[in-house]
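The structure appears right after this line, and notes come after that.
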Amino acid sequence: MDPELWAVYISGLIRTRRGETSAHNIWAGITTLLHPIPTCVWVAAITAFTSIGRYDRAEATWNMLQGVVRWPGPEAYSAYIASLFGENRTKDALHLFDKFKGRVGKEPYPAEDPSVLSVFHTVLDRLLRVDLTQPARAIFDRMATHGPRPTVETYNIFMRYFAKQRDLKSISATFAELSASGIAVDTSTAAVLLAALYPAREDAVALVFALLKQHHIVLDLDNSLTLLKHLTELARDDAFEAAIGVLEHLERDLQFTPPTELAYLVVLCAIERCAALHPARTRVLRAKMLRKMRASGRNPSRSATATMDLVKACLANPRKEAVQSAVLYYQKFSEYRQTFSPELVIIILHDLRRRGEWDIADTILKDLGDMQERYANYPALSREIGFVKNRVSRQSELDAEEDTLDLD
């Protein structure tokens, strides 16, 4: 099996919390089949343990790696440093970073290696997350003199932080530094600037579009989508408004290609996914986006793919209102198409079981009504329906699988 597939497998197994026995058995299989174990597998394990809060297991994995490799790969350093920051062990994280930093420019960590730069970016990002701006700035200054040289992403990390703080003065100062460095901006830079300027200037979109043109970035379909993705990834009200502003600018300016359905969906899905938005604000932004889509002749209820994306986005949001939105998207699709989508039903029922929303799950089964005879054609759906009827939670299902799993 390809090493990257092993990485995906062990990561998924750990993230589903199926118990350390299974992870241990999988790890034993990997050590038997792969010599040496590739960096991507170590990184996957450390990252997965960190994601579920098992920092002790992440540390044990790092210690195992150090026992078999003299110089762990930069990606592994990045993963474990992030784990230490996640555990609020900032001093330990910086101590490990200092150890790594002392080797930069020597074998096997050439300063120009992008993966080496990524370690610095991880540290900068994590320091700024806890408002440690002075240590972050000291690292930036060292990069400028000793390497690895800052890139546009280095500046973007700082500008994203200042944007979250709504610190326009610092954004402006950082952008001035970026401009003076001669490094070209990218769509991520544009997104940060646009989100910051949009509440204060009516011409914010035009200004940022002009900046992109100045740096020879053509707002074709791909770059427009990238800009929208960067904006919505900021997951803030003003960023969503700015994204809608970008869509409106593309709609009315004939020099640009009009937004595609995917462009509208990128924004709408991000709105549905964002738990930081107040539910009332989500409703306002959703209504605005759906009106824009209808005005452009598009309706997500006509498309199984669009509805699937929206349902998944809603279910990624932990708010209770998001579950109701997911069900509503599904019901509108079913009413409009008058068709049966087993994939959609499986996704919704699976998540409702995970959340323990049994009443809503029962409503979905009731809506299926006469289609029950078709369940036999979709074993996965039949299985989900059985779980709902028998009130088998997602965790109970995983526990049962763990009891029957034999990987030795």
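When you line the sequence shown up against my numbering, it's residues 1441 to 1848, in that order. Glycine included, every Cβ here is placed at the ideal spot set by N, Cα and C.
Subject >> Spatially closest choice to Q1506 from H1689, P1590, I1486, R1589, by CA coordinates >> reply: As a first step, residue 1506 must be located in the sequence shown, where it is residue number 66. Closest option to Q1506, Cα to Cα, is I1486.
**OP:** In angstroms with no decimal places, state the Cα-to-Cα distance between F1773 and N1596.
**Re:** Here residue 1773 refers to the residue found at position 333 of the sequence shown. Here residue 1596 refers to the residue found at position 156 of the sequence shown. The straight-line gap from Cα to Cα measures roughly 40 Å.
Original post:
So L1687 and P1699 are in contact, right, with Cβ under 8 Å, and what is the actual spacing, rounded?
Top reply: The sequence position of residue 1687 within the sequence shown is 247, counting from 1. The sequence position of residue 1699 within the sequence shown is 259, counting from 1. A Cβ-Cβ distance of about 5 Å is found for the pair L1687 and P1699, placing them in contact under the 8 Å criterion.
**OP:** To the nearest angstrom, report how far apart H1718 and L1755 are at their CA atoms.
**Re:** The residue labelled residue 1718 in the question sits at position 278 within the sequence shown. The residue labelled residue 1755 in the question sits at position 315 within the sequence shown. Between H1718 and L1755, the C-alpha separation is close to 16 Å.
Subject >> Chain-order list of residues whose beta-carbon lies under 7 Å from that of S1523 (same chain, five-residue window excluded) >> reply: Taking the first residue of the sequence shown as position 1, residue 1523 is located at position 83. So the qualifying residues of the chain are I1486, T1490, Y1495, A1498.
Subject >> Whole-angstrom distance between I1470 and A1484, CA atom to CA atom >> reply: For the purposes of this step, residue 1484 is taken as the residue at position 44 of the sequence shown. For the purposes of this step, residue 1470 is taken as the residue at position 30 of the sequence shown. If I take the Cα positions, the gap works out to 13 Å.
Original post:
Who are the Cβ neighbours of R1713 in its own chain at under 7 Å, not counting the five residues just before and after it?
Top reply: Here the question's residue 1713 lines up with position 273 in the sequence shown. Result list for R1713: A1753, A1756, N1757, in chain order.
Subject >> Contact test: T1614 Cβ vs the ligand GTP heavy atom, cutoff 8 Å >> reply: This structure lacks the ligand GTP, and indeed carries no ligand of any kind.
Subject >> When G1737, F1696, D1749, A1679 are compared against L1705, the one with the closest alpha-carbon >> reply: Position 265 of the sequence shown, counted from the first residue, corresponds to residue 1705. Closest by C-alpha distance to L1705, out of G1737, F1696, D1749, A1679, is D1749.
Original post:
What whole-angstrom Cβ distance do A1551 and P1588 have, given they're in contact under 8 Å?
Top reply: Along the sequence shown, read from residue 1 onward, the residue named residue 1551 stands at position 111. Along the sequence shown, read from residue 1 onward, the residue named residue 1588 stands at position 148. That pair is a contact at about 5 Å.
Subject >> Stretch-stretch touch, CB-based, cutoff 8 Å, three pairs: the region 1662-1680 with the region 1616-1623 >> reply: Pairwise C-beta distances place the region 1662-1680 out of contact with the region 1616-1623, as fewer than three of them are shorter than 8 Å.
**OP:** Just mark D1626 as buried or exposed, buried being the case when its beta carbon has 16 or more other beta carbons within 10 Å.
**Re:** On the sequence shown, position 186 is the one that residue 1626 refers to. Around the CB of D1626, 16 or more other CB atoms lie within 10 Å, so the residue is classed as buried.
Original post:
Which residues in the same chain have their Cβ closer than 7 Å to the Cβ of D1843, if we skip the five residues on either side of it in sequence?
Top reply: Along the sequence shown, read from residue 1 onward, the residue named residue 1843 stands at position 403. Reliability of the predicted coordinates at D1843 is poor, the pLDDT of 46 falling under 50, and the value obtained from them is presented with this limitation in mind. Taking C-beta separations shorter than 7 Å and ignoring five residues to either side along the sequence, D1843 has no partners in its chain.
Original post:
If you compare alpha carbons, which of F1696, I1711, E1681, D1807 is closest to D1661?
Top reply: Here residue 1661 corresponds to residue number 221 of the sequence shown, with the count starting at 1. Per the sequence presented here, residue 1661 reads as Leu, with Asp not at that position. The option with the nearest alpha carbon to L1661 is F1696.
**OP:** Would you check if the distance between the CB atom of S1558 and the CB atom of V1592 is smaller than 9 Å?
**Re:** Within the sequence shown, residue 1558 is the residue found at index 118, counting from 1. Within the sequence shown, residue 1592 is the residue found at index 152, counting from 1. No, these two residues do not count as a Cβ contact at 9 Å.
Subject >> Reference R1723, options S1741, L1694, D1677, L1702, closest by Cα >> reply: Within the sequence shown, the letter at position 283 stands for residue 1723. For the residues S1741, L1694, D1677, L1702, the minimum Cα distance to R1723 belongs to D1677.
**OP:** Please determine, among K1806, N1817, A1683, R1793, the residue with the shortest C-alpha to C-alpha distance to V1828.
**Re:** As a first step, residue 1828 must be located in the sequence shown, where it is residue number 388. Closest in alpha carbon position to V1828, among K1806, N1817, A1683, R1793, is R1793.
**OP:** Round the Cβ separation of E1691 and A1746 to the nearest angstrom and send it over; I've been treating them as touching at under 8 Å.
**Re:** Position 251 of the sequence shown, counted from the start, is the residue given in the question as residue 1691. Position 306 of the sequence shown, counted from the start, is the residue given in the question as residue 1746. Wrong, their Cβ atoms sit about 19 Å apart, outside the cutoff.
Original post:
What is the DSSP secondary structure of N1503, counted as helix, strand or coil?
Top reply: By 1-based counting over the sequence shown, the position of residue 1503 is 63. Note: N1503 maps to helix in three-state DSSP.
Subject >> Three-state secondary structure (DSSP) of I1470 >> reply: Mapped onto the sequence shown, residue 1470 falls at position 30. Three-state DSSP puts I1470 in a helix.
Original post:
Which residues in the same chain as L1637 place their Cβ atom closer than 6 Å to its Cβ, once the five residues preceding and following it in sequence are excluded?
Top reply: Within the sequence shown, the letter at position 197 stands for residue 1637. Counting only Cβ-Cβ distances below 6 Å, and skipping sequence neighbours, we find A1644.
**OP:** Work out the CA separation of A1635 and A1679 for me, nearest whole Å.
**Re:** Sequence index remark: in the sequence shown, residue 1679 carries index 239 (1-based). Sequence index remark: in the sequence shown, residue 1635 carries index 195 (1-based). Whole-angstrom Cα-Cα distance: 5 Å.
Original post:
Would you call the region 1648-1662 and the region 1599-1611 in contact, with 3 or more CB pairs under 8 Å?
Top reply: No, they do not touch.
Original post:
Does the beta-carbon of I1657 have 16 or more other beta-carbons within 10 angstroms, so that it is buried, or is it exposed?
Top reply: Stepping through the sequence shown from its first residue, residue 1657 is reached at position 217. With 16 or more other Cβ atoms from the protein chains shown falling within 10 Å of its own Cβ, I1657 counts as buried.
Original post:
Do you know offhand how far R1582's Cα is from Y1517's?
Top reply: Taking the first residue of the sequence shown as 1, we reach residue 1582 at position 142. Taking the first residue of the sequence shown as 1, we reach residue 1517 at position 77. Near 19 Å, if we compare the C-alpha coordinates of Y1517 and R1582.
**OP:** Would you kindly work out how many angstroms separate the C-alpha atoms of R1886 and K1653, rounded to a whole number?
**Re:** With the chain represented from 1441 up to 1848, any question about residue 1886 goes unanswered, as that position is not in the structure.
Subject >> Residue range of the alpha helix (DSSP H) that includes D1565 >> reply: As a first step, residue 1565 is located in the sequence shown; it is residue number 125 there, counting from the start. Run containing D1565: 1554-1569, per the alpha helix (DSSP H) assignment.
Original post:
Can you give the beta carbon distance from W1502 to P1548, rounded, assuming they're within the 8 Å contact cut?
Top reply: Indexing the sequence shown from 1 puts residue 1502 at position 62. Indexing the sequence shown from 1 puts residue 1548 at position 108. P1548 and W1502 do not touch by the CB rule: their CB atoms are close to 18 Å apart, not below 8 Å.
Original post:
Around the Cβ of G1513, are there at least 16 other Cβ atoms within 10 angstroms (buried) or fewer (exposed)?
Top reply: Within the sequence shown, the letter at position 73 stands for residue 1513. That one is buried.
Original post:
Of all the options P1554, K1541, L1534, which has the alpha carbon lying nearest to the alpha carbon of R1566?
Top reply: Position 126 of the sequence shown, counting from 1, holds the residue named residue 1566. The option with the nearest alpha carbon to R1566 is L1534.
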